[in-house]
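Notes for the one structure printed next.
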Amino acid sequence: MLIIRPSTDADLPAITAIYAHHVLTGTGTFEVDPPSLEDMRGRRADVLSKGLPWLVAVQNDVAIEKGIENVVGYAYCNWFKPRPAYRFSAEDSIYLSPEAAGKGIGRTLLAELMAQAQRAGVRKLIAVIGDSANAGSIALHESAGFQSVGVLKSCGWKFDKWLDVVLMDKALGEADITAPL
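Throughout the sequence shown, residue numbering follows my numbering, covering 1 to 181 in sequence.
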C-alpha cells in the first residue's frame, strides 16, 4: 500500500540517501556532491518554515506487519525566487528511489504536492528539470498538466558534459485570474 504523508525528521536518512543516489548517478539535479543529513535537515526546515509542503511516499506492502515504513520517494516545493513579487510561484522537486521509478509513485506524489501547494497559496508551480534528456521527469510533469515554457541550453556542466534545463509550469487554483488575497 502506498501512503503519501508529510515528512518527519525520522524520514531524513531515507530522503538523504535517495537524493544522494540522484546526485551521484543522475543529471536531474546539478549538485555534484551529495548533501549531508544535516544539510537536508536544514533544507527541509527552511521549506516547512515557509508553510510549504515536504511530502514522502511510503510503501508498506512488505514491512507493514513489522510496523516499518519504507520511504520510496519525496517531493516538496519552495519559493521560486526570494523577491516578494515571486511569492505566489514555487518550484517543485520530486525524487524517487531507483526501485520506485515507473510505478506511478511520482504521479501520486506530484498530485498531492500540487494540492497542498495550492492550499499554501501557490498560484504557479514551476518545474526546473535538469537535462533535456530527462524523459521520465518531463513525462511526469506533462501527465500532471505542466506545459513546456522553454529550454536553457547548455547551462549546466556535470559528468563532463553540458546539460540543458527544461522549464515547465502549471497554474494552480485561481492562477492569474484573480488578485491574491
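Note that the Cβ used here is the ideal one computed from N, Cα and C, for glycine as well.
{"Query": "So, does the CB of His141 fall closer than 8 Å to a CB anywhere in chain D?", "Result": "Chain labels in this structure do not include chain D; a single protein chain is all it has."}
{"Query": "What separation, rounded to the nearest whole angstrom, lies between the Cα atoms of Leu167 and Asn70?", "Result": "31 Å"}
{"Query": "State the DSSP-derived secondary structure class of Ser7, mapped to helix, strand or coil.", "Result": "coil"}
{"Query": "Mind checking who Asn234 pairs with in its DSSP beta bridge?", "Result": "No answer is possible for residue 234: it lies beyond the span of the chain, which begins at 1 and ends at 181."}
{"Query": "Taking the C-alpha atoms as reference points, what is the distance between Ile64 and Ser137?", "Result": "At Ile64 the pLDDT is 48, less than 50, meaning the model places this residue with poor confidence and gives no usable figure here."}
{"Query": "According to the Cβ coordinates, are Phe146 and Thr27 closer than 8 Å?", "Result": "no"}
{"Query": "Can you give the Cα-Cα distance for Pro182 and Ala45, rounded to whole angstroms?", "Result": "The first residue shown for the chain is 1 and the last is 181, placing residue 182 beyond what the model contains."}
{"Query": "What's the C-alpha gap between Pro98 and Gly121?", "Result": "32 Å"}
{"Query": "For the structure I just gave you, are there three or more beta carbon pairs, one from the stretch 108-127 and one from the stretch 19-36, closer than 8 Å?", "Result": "no"}
{"Query": "Report the rounded CA-to-CA distance for Val58 versus Tyr74, giving the unit in angstroms.", "Result": "9 Å"}
{"Query": "Quick check for students: name the residue ranges of the alpha helix (DSSP H) that lie wholly in the stretch 102-128, counting only runs of 4 or more.", "Result": "105-119"}
{"Query": "With Glu38 as the anchor, note down where its alpha helix (DSSP H) starts and where it stops.", "Result": "37-49"}
{"Query": "Please list the terminal residues of the continuous beta strand (DSSP E) segment that includes Ile15.", "Result": "It is not in any beta strand (DSSP E) - Ile15 instead sits in the alpha helix (DSSP H) that spans 12-25."}
{"Query": "Starting from the C-beta of Ala20, find all residues in its chain whose C-beta is less than 7 Å away, skip the five residues before and the five after it, and write them out in chain order.", "Result": "Pro34"}
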